[in-house]
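K.L.:
There are 2 protein chains.
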Amino acid sequence: MNQLIEQLTKEQQSEVKRQMAIYSQGVQEIIPTEELEQKLATSILENRPLKIKLGLDPSAPDVHLGHTVVLNKMRQFQENGHLIQLIIGDFTGKIGDPTGKSVARKQLTDEEVKFNAKTYFEQFAKVIDMEKVELHYNSKWLSKLNFEDVIQLAGKITVARLLERDDFEERIAFKKPISLHEFFYPLMQGYDSVMLECDIELGGTDQHFNILMGRHFQEKFNKEKQVALLMPLLEGLDGVEKMSKSKKNYIGIDESPQEMYGKAMSIPDQLMIKYFELVTNFTPDQLKTLKQQIEIGELHPRDAKMLLGKTIVTMYHGEEAAEAAQQHFITVFQQRNLPTDIPEITWNGDTEILVTDLLVELQLLTSKSEARRMINNRGIKLNEIKVEDPALVVSVTDGLIVQVGKRKIVKILL
Amino acid sequence: MNQLIEQLTKEQQSEVKRQMAIYSQGVQEIIPTEELEQKLATSILENRPLKIKLGLDPSAPDVHLGHTVVLNKMRQFQENGHLIQLIIGDFTGKIGDPTGKSVARKQLTDEEVKFNAKTYFEQFAKVIDMEKVELHYNSKWLSKLNFEDVIQLAGKITVARLLERDDFEERIAFKKPISLHEFFYPLMQGYDSVMLECDIELGGTDQHFNILMGRHFQEKFNKEKQVALLMPLLEGLDGVEKMSKSKKNYIGIDESPQEMYGKAMSIPDQLMIKYFELVTNFTPDQLKTLKQQIEIGELHPRDAKMLLGKTIVTMYHGEEAAEAAQQHFITVFQQRNLPTDIPEITWNGDTEILVTDLLVELQLLTSKSEARRMINNRGIKLNEIKVEDPALVVSVTDGLIVQVGKRKIVKILL
Chain A
59 MNQLIEQLTK
69 EQQSEVKRQM
79 AIYSQGVQEI
89 IPTEELEQKL
99 ATSILENRPL
109 KIKLGLDPSA
119 PDVHLGHTVV
129 LNKMRQFQEN
139 GHLIQLIIGD
149 FTGKIGDPTG
159 KSVARKQLTD
169 EEVKFNAKTY
179 FEQFAKVIDM
189 EKVELHYNSK
199 WLSKLNFEDV
209 IQLAGKITVA
219 RLLERDDFEE
229 RIAFKKPISL
239 HEFFYPLMQG
249 YDSVMLECDI
259 ELGGTDQHFN
269 ILMGRHFQEK
279 FNKEKQVALL
289 MPLLEGLDGV
299 EKMSKSKKNY
309 IGIDESPQEM
319 YGKAMSIPDQ
329 LMIKYFELVT
339 NFTPDQLKTL
349 KQQIEIGELH
359 PRDAKMLLGK
369 TIVTMYHGEE
379 AAEAAQQHFI
389 TVFQQRNLPT
399 DIPEITWNGD
409 TEILVTDLLV
419 ELQLLTSKSE
429 ARRMINNRGI
439 KLNEIKVEDP
449 ALVVSVTDGL
459 IVQVGKRKIV
469 KILL
Chain B
59 MNQLIEQLTK
69 EQQSEVKRQM
79 AIYSQGVQEI
89 IPTEELEQKL
99 ATSILENRPL
109 KIKLGLDPSA
119 PDVHLGHTVV
129 LNKMRQFQEN
139 GHLIQLIIGD
149 FTGKIGDPTG
159 KSVARKQLTD
169 EEVKFNAKTY
179 FEQFAKVIDM
189 EKVELHYNSK
199 WLSKLNFEDV
209 IQLAGKITVA
219 RLLERDDFEE
229 RIAFKKPISL
239 HEFFYPLMQG
249 YDSVMLECDI
259 ELGGTDQHFN
269 ILMGRHFQEK
279 FNKEKQVALL
289 MPLLEGLDGV
299 EKMSKSKKNY
309 IGIDESPQEM
319 YGKAMSIPDQ
329 LMIKYFELVT
339 NFTPDQLKTL
349 KQQIEIGELH
359 PRDAKMLLGK
369 TIVTMYHGEE
379 AAEAAQQHFI
389 TVFQQRNLPT
399 DIPEITWNGD
409 TEILVTDLLV
419 ELQLLTSKSE
429 ARRMINNRGI
439 KLNEIKVEDP
449 ALVVSVTDGL
459 IVQVGKRKIV
469 KILL
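Going down the list, the protein sequences come from chains A and B.
To get the numbering used here, take the position in the first sequence, counting from 1, and add 58.
To get the numbering used here, take the position in the second sequence, counting from 1, and add 58.
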């Protein structure tokens with residue numbers, strides 16, 4: 059490795075460092091880090107992109123924020139000129155569960171696989187540039203293996219090695235059955251990496267074992283070994299379990315701005331930074347600033363969470379929709395924390411109005427300049443959210459709560 | 059089962075019993091006995107033969123007496139009208155050992171497989187009627203399985219069940235590697251039984267696990283389960299290890315009469331009865347008589363062993379060759395126990411001569427009637443072997459020792 063790095067110019071060396079810093083951000087584990095550096099050096103020297111693999115299970119095409127942890131990492135590689143290899147595990151999907159016990163792994167038709175893949179791609183397009191992606195269906199090579207090929211493949215791994223996988227180990231310990239065919243899923247995943255000569259495979263930490271199978275089989279087939287890049291698992295809205303559709307603790311990236319924003323606001327406080335780190339496009343510098351602001355009390359956790367919600371909705375629906383979703387949330391969800399005896403004012407003015415104009419027209423303040431000053435002093439709240447921008451255009455909705463300082467408060471009726 | 063037996067006439071019932079007695083002879087284990095009875099009853103009721111499976115490894119076609127333990131049992135089934143299914147495991151043979159570690163399981167070409175199979179059949183023909191045998195090469199169906207089929211098959215068995223096999227269990231315990239492909243050999247053997255709808259599979263006790271795989275997979279494929287009929291393993295000439303070519307403790311059925319006889323004479327005394335039981339065509343009654351004769355001292359163990367040697371050679375080379383082999387053995391091996399000062403007589407008479415005539419012409423006795431009496435009193439020995447039949451025709455060979463009683467002894471020179 060050192061030899062390779064020495065062949066690089068100083069500029070090239072700092073390019074390796076720059077990329078390493080990006081790819082390491084938020085990562086749980088890189089196995090091994092030195093090989094990733096080496097691959098980056100080779101990539102620069104030979105001016106060829108690295109092949110970054112991501113395997114997809116075609117049975118569950120609803121993409122949620124949990125999936126975007128890996129997708130965001132792929133985007134970083136793509137932005138630096140590397141090649142994304144998406145592999146649809148259609149072979150597995152078409153087999154189903156031979157024991158017939160698992161409803162989850164029911165047999166999929168060709169049409170279902172294609173449809174699910176298309177659904178994935180449409181959603182992925184919101185994070186990565188799908189036009190630059192290399193697409194593969196692993197049935198292309200797996201369906202061609204005959205019994206003899208399978209035996210040759212199986213001859214390259216030991217039973218003990220397979221039993222090291224956490225869930226297998228656990229089931230053996232608790233005398234729960236492991237059907238022999240289950241041993242083949244990691245083998246297939248490893249063989250995919252052999253066929254596509256992947257340089258890096260991305261996945262959640264739950265893919266630790268399976269991704270190392272790629273390294274194992276590439277070595278057995280005399281190929282260069284891929285690097286495993288493992289991302290932390292994102293806990294869902296319950297703050298405990300891994301985000302997943304079945305646990306109903308997820309934010310789907312196809313959900314409406316309002317749903318998305320509302321769900322984001324239910325993320326537990328202690329997970330907020332992790333979400334910023336893993337599912338937004340915040341840079342390391344932005345993250346650092348954010349943490350500092352929260353730490354010194356400059357940014358209230360609730361406001362930070364609203365920023366998170368707005369950032370996420372912006373990523374998938376654009377800024378305007380995000381603003382509207384925030385307004386909606388403020389209107390519908392936050393007013394319930396207010397006193398019950400709020401004076402009510404029936405509003406006959408514009409429903410889209412500058413916040414300064416609104417404050418004056420409601421006679422809460424006497425002038426727009428006073429209103430601006432109060433906003434700059436963070437003394438104005440709409441539905442309990444501090445207004446930070448004096449140029450904000452408010453969507454006036456029925457029940458909107460307007461506060462000036464701690465004492466003046468009204469509710470608008472339309 | 060009882061219902062089935064009740065449908066049989068008394069004669070049919072006793073036929074089931076008769077066959078059960080034959081098949082049970084010398085057997086280590088029948089799994090389960092009731093099902094064998096049931097299958098025999100069905101066979102009789104429906105007038106159709108049972109299918110008796112024997113799987114063969116095409117890599118080692120030298121048949122020795124160890125193999126004939128099972129072959130003799132097959133012969134009994136064949137003699138009662140059942141159908142022998144010989145399966146050449148050519149699929150396995152053609153694969154070899156994918157890890158490349160085992161020299162024993164080297165890859166065989168089609169020609170080698172065919173040649174080895176032919177070699178088997180020529181040897182088997184000495185025990186069973188090969189013209190009535192159904193021959194199968196398991197590559198016919200196994201080579202057609204694709205990856206999906208293999209996964210479906212693997213889905214029908216658990217890892218824990220496979221790890222129950224003694225040698226696997228032991229290797230796991232001692233942390234010796236088991237290559238995943240090894241799990242497929244029992245699967246294949248089981249699948250063969252599914253394809254051929256075997257009623258009974260024969261094998262040594264070392265095949266216990268593999269033969270039960272047939273039952274397992276037949277059940278999973280909704281077929282009637284085969285019965286496992288397990289024969290004891292025959293210890294080799296060392297009296298300790300299982301007879302096998304690699305241990306050089308075997309008697310090959312293609313060996314010359316002299317070699318065969320000589321090796322038989324080196325069988326340890328304590329194994330003699332087991333050999334009579336497992337590798338000769340002695341009936342249960344004959345066996346019983348033999349045991350009694352030895353027990354009451356009527357038959358000297360050495361003479362019993364000579365009878366064993368002669369019986370074995372007769373089975374594979376005919377009676378005449380067996381007689382000659384015995385004579386040769388007596389001449390070459392036994393005379394060394396005699397005194398060194400034996401009077402020598404040059405013989406000019408017939409080299410094929412009645413024992414009574416020989417004794418008279420040598421002037422050891424005065425009349426043929428006296429000679430007959432001495433033989434009946436067990437007083438005559440040729441090369442230290444008691445002559446039991448006064449009508450014996452002796453092949454006079456150079457160095458033949460003739461004894462009358464304890465005192466008269468001569469050596470013939472030709």
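Backbone N, C-alpha and C fix where the C-beta goes; we use that ideal spot for every residue, glycine too.
Note that this is a predicted model, so its numbers are computed, not measured.
Check for me: the beta strand (DSSP E) holding I230 of chain A runs from which residue to which?
P.N.:
Segment 224-231 is the alpha helix (DSSP H) holding I230 of chain A; no beta strand (DSSP E) there.
K.L.:
Alpha carbon to alpha carbon, how far is E87 of chain B from Y243 of chain B?
P.N.:
22 Å
K.L.:
Roughly how many angstroms separate the alpha carbons of E69 of chain B and E137 of chain B, rounded to a whole number?
P.N.:
19 Å
K.L.:
Per DSSP, which one or two residues make a beta bridge with A286 of chain A?
P.N.:
A:I89, A:E259
K.L.:
Where DSSP assigns a beta bridge to L193 of chain A, which residues make up the other side?
P.N.:
A:L144
K.L.:
Taking C-beta pairs closer than 7 Å, name the residues in chain B that F205 of chain A reaches, listed in chain order.
P.N.:
Going along chain B in sequence order, the residues near F205 of chain A (Cβ under 7 Å) are L200, S201, L203, V208.
K.L.:
For chain A, is any of its Cβ atoms less than 9 Å away from the one on L220 of chain B?
P.N.:
yes
K.L.:
Mapping the DSSP letters down to three states, classify G367 of chain B as helix, strand or coil.
P.N.:
Here G367 of chain B sits in helix by DSSP.
K.L.:
Rounded to whole angstroms, what is the Cα-Cα separation between E92 of chain A and F340 of chain A?
P.N.:
26 Å
K.L.:
Can you give me the start and stop residues for the beta strand (DSSP E) that V217 of chain B sits inside?
P.N.:
Where V217 of chain B is concerned, there is no enclosing beta strand (DSSP E), although the alpha helix (DSSP H) it sits in stretches over 217-221.
K.L.:
Taking the alpha-carbon of I110 of chain B as reference, which of B:G151, B:V85, B:L129, B:R436 has the nearest alpha-carbon?
P.N.:
When only C-alpha atoms are compared, the closest one is B:L129.
K.L.:
If you count every other CB in all the chains shown that lies within 10 Å of the CB of D225 of chain B, and 16 or more means buried, which is it?
P.N.:
exposed
K.L.:
For T167 of chain B and chain A, any beta-carbon pair shorter than 9 Å?
P.N.:
no
K.L.:
Quick one: residues in its chain with C-beta nearer than 6 Å to the C-beta of I89 of chain A, no 5 flanking neighbours on either side, listed in chain order?
P.N.:
A286
K.L.:
Using beta carbons (cut-off 9 Å, strictly below), is L238 of chain A in contact with chain B?
P.N.:
yes
K.L.:
Which residues in chain A have a C-beta closer than 8 Å to the C-beta of A212 of chain B? List them in chain order.
P.N.:
Near A212 of chain B (Cβ distances below 8 Å), the residues of chain A are P156, S237, L238, H239, F241, F242.
K.L.:
Is the separation between the beta-carbon of A382 of chain A and that of S302 of chain A shorter than 9 Å?
P.N.:
no
K.L.:
What number of angstroms, rounded off, separates the C-alpha of M59 of chain B from the C-alpha of L203 of chain A?
P.N.:
Only weak support exists for where M59 of chain B lies, its pLDDT of 49 falling under 50; the value from the coordinates is given anyway. The alpha-carbon atoms of M59 of chain B and L203 of chain A are separated by roughly 44 Å.
K.L.:
Could you name the residues of chain A that T347 of chain B contacts, counting a contact when the two beta carbons are closer than 7 Å?
P.N.:
Within 7 Å Cβ-Cβ: nothing; T347 of chain B doesn't reach chain A, min ~52 Å.
K.L.:
Could you tell me the distance, in whole angstroms, from the CA atom of P306 of chain A to the CA atom of V121 of chain A?
P.N.:
According to the sequence as given, residue 306 of chain A is Lys; it is not Pro. Looking at the two C-alpha atoms, the distance is approximately 13 Å.
K.L.:
Output the residue ranges of the alpha helix (DSSP H) runs that lie fully inside the segment 66-124 of chain A and measure 4 residues or longer, sorted by chain position.
P.N.:
Runs found: 68-82, 91-104.
K.L.:
Going by the beta-carbon positions, is the gap between I467 of chain B and N441 of chain B smaller than 9 Å?
P.N.:
no
K.L.:
Skipping 5 residues on each side, what residues in its chain have a beta carbon closer than 8 Å to that of L220 of chain B?
P.N.:
Excluding sequence neighbours, L220 of chain B sits near F226, F241, P244.
K.L.:
Given a limit of 7 Å on CB to CB distance, which residues of the segment 435-455 of chain B reach chain A?
P.N.:
none
K.L.:
Quick check: what's the CA-CA separation for F334 of chain B versus V252 of chain A?
P.N.:
Approximately 58 Å between the Cα atoms of the pair.
K.L.:
Does the beta carbon of K233 of chain B come closer than 9 Å to any beta carbon on chain A?
P.N.:
yes
K.L.:
Please compile the residues from chain B whose C-beta is within a distance smaller than 7 Å of the C-beta of I215 of chain A.
P.N.:
L238
K.L.:
Please list, in chain order, all residues of the same chain as G463 of chain A whose beta carbon is under 6 Å from its beta carbon, the five residues on each side excluded.
P.N.:
G437
K.L.:
Taking the alpha-carbon positions, what's the I325 of chain A to G367 of chain A distance?
P.N.:
9 Å
K.L.:
I461 of chain A and K426 of chain A look like a contact to me (Cβ under 8 Å); what is the Cβ gap, rounded to whole Å?
P.N.:
Correcting the residue type first, residue 461 of chain A is Gln in the shown sequence and not Ile. Going by Cβ atoms, the distance from Q461 of chain A to K426 of chain A rounds to 18 Å, so no, they are not a contact pair.
K.L.:
Scan the segment 126-155 of chain A for residues whose Cβ lies nearer than 8 Å to a Cβ of chain B and list them as they occur along the chain.
P.N.:
F149, K152, I153, D155
K.L.:
Candidates A:L123, A:L471, A:G147: which alpha carbon is nearest E293 of chain A's?
P.N.:
Checked all of A:L123, A:L471, A:G147; the closest Cα to E293 of chain A is A:L123.
K.L.:
Nearest to S101 of chain A by alpha carbon, out of A:K332, A:M318, A:I258, A:N196?
P.N.:
Out of A:K332, A:M318, A:I258, A:N196, A:I258 has the C-alpha closest to the C-alpha of S101 of chain A.
K.L.:
H194 of chain B and Q247 of chain B - do their beta-carbons sit closer together than 9 Å?
P.N.:
no
K.L.:
Cα separation between L153 of chain A and E446 of chain A?
P.N.:
Reading off the sequence, residue 153 of chain A comes out as Ile, not Leu. Taking the straight line from one Cα to the other gives about 56 Å.
K.L.:
Can you list, in chain order, the residues of its chain with a C-beta nearer than 7 Å to that of E410 of chain B? Leave out the 5 residues immediately preceding and following it.
P.N.:
V451, S453
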